[in-house]
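Data first, discussion second: the structure below is written as structure tokens.
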Amino acid sequence: MVEPQMTVTLADVVVKRRGKTVLGPVNLDLGTDGFTIVIGPNGAGKTTLLKVLHGVERISAGTVNWSLPDDQARQAQAYVFQSPIMLRRSVRQNLSYPLQLLGVPKSEIAHRVTHWAGQIGLEDALDFPAPRLSGGEKQKLALARALIRHPKVLFLDEPCANLDGRSTREIEALLSTATQAGTRIIMTTHNIGQAERLATNVLFLLNGKVHERGTASGFFNAPHTPEARAFLKGDIVE
């Protein structure tokens, strides 16, 4: 089990690129638990919001405040990109690396690596070069490499965008288990079915702003705004 969670508050956050506002102003409080799905049309600012929360996107105005000191907050987070990044090493070394950075004892590293390799079905491929894995295997490895650190918060940017149904189901199962174990997940997706399966709450972004938010059941069953209703029907929303 992970430790009690932490909260984050965004106040008047704005991100500009080449003089154009791509996000904001955003005022947002994210609670201590649950599975937040961030949805919206292309260019709405979903990935930018995740990067702002994770501290890897420079903001032009406003503040991002975690309930822990910045260094502790960063250590308690993990981020998985849409296109998984593999170290040019074995599966075992990919899983071991983040724990080595944290100074985890070797015996504990070995235990966790074995456990997570089993969780993603790669227990017989621990010494296989990670870059030679299939797309689905790479994404599962990237997810396991993030979860092996027991993060309090996990950011996911379209983790199943390029995967087949079987790999998607396997990743969704891992995410559900992580949520039940206490990891706070904030994830972008274009897959409305996936959002309905996983979300406990939803952020709907439009034109760089949080246009609507609410519980998953409330949002999907009775969205408040015409733009959200149109988006859920598959209409083009601008």
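If you're matching positions, the sequence shown starts at 0 in numbering that gives the first Met the number 0 and goes up one per residue.
Yeah, the Cβ is synthetic: ideal placement off N, Cα and C, and Gly gets one too.
- Message: Measuring alpha carbon to alpha carbon, tell me which residue in P104, A43, A177 is nearest F261.
- Response: Lying outside 0 to 237, the shown extent of the chain, residue 261 is not represented and no answer is given.
- Taking the CB atoms as reference points, tell me whether L22 and V63 lie closer together than 8 Å. no
- Residues near I147 by beta carbon distance below 7 Å, same chain, minus five either side: L94, P97, L98, R111, W115
- Item | Identified DSSP bridge partners for Y78 | F154
- Message: For V13 and L125, I'd like the C-alpha separation in whole angstroms.
- Response: 43 Å
- Message: Quick check on I235: buried or exposed, where buried means 16 or more other Cβ atoms within 10 Å of its Cβ?
- Response: exposed
- Who does K105 pair with in a DSSP beta bridge? For K105, which the question treats as bridged, DSSP gives no partner whatsoever.
- Please classify E237: is it buried, with 16 or more other beta-carbons within 10 angstroms of its beta-carbon, or exposed? exposed
- Message: What ranges does the alpha helix (DSSP H) occupy inside the segment 167–226, keeping only unbroken runs of at least 4 residues that lie completely in it?
- Response: 191–197, 215–220
- With respect to the beta strand (DSSP E) encompassing R16, which residues constitute its N-terminal and C-terminal limits? 7–16
- Query: Who pairs with A60 in a beta bridge, going by DSSP?
  - Reply: V13
- Starting from the Cα of W65, find the closest Cα among A145, C159, L9 and give me that residue. L9
- Buried/exposed call for D163, threshold 16 Cβ in 10 Å: exposed
- Message: Can you look up A229 in the DSSP assignment and give me helix, strand or coil?
- Response: helix
- According to DSSP, residues forming a beta bridge with P128: S89
- Query: Beta carbon of A145: closer than 7 Å to some heavy atom of the ligand PLP?
  - Reply: Although the ligand PLP was asked about, the structure shown includes no ligands whatsoever.
- Query: With DSSP run on the structure shown, which of helix, strand or coil describes L22?
  - Reply: strand
- Query: What residues match up with W115 in a beta bridge as DSSP calls it?
  - Reply: Paired residues: none, contrary to the question.
- Compute the distance between the beta-carbons of T182 and P222, then report whether it is under 8 Å. no
- Task: Would you mind stating whether L197 and A77 have Cβ atoms separated by less than 8 Å?
- Result: no
- Item | For I191 and A141, believed in contact at Cβ under 8 Å, the rounded distance | Contact flag wrong, Cβ pair sits at about 24 Å.
- Item | Whether T238 touches T31 by CB criterion (8 Å) | Here the chain comprises residues numbered 0 to 237, so residue 238 is not present and cannot be evaluated.
- Query: Can you list, in chain order, the residues of its chain whose CB lies under 6 Å from that of K45, leaving out five sequence neighbours each side?
  - Reply: V37, G39, T187, L204
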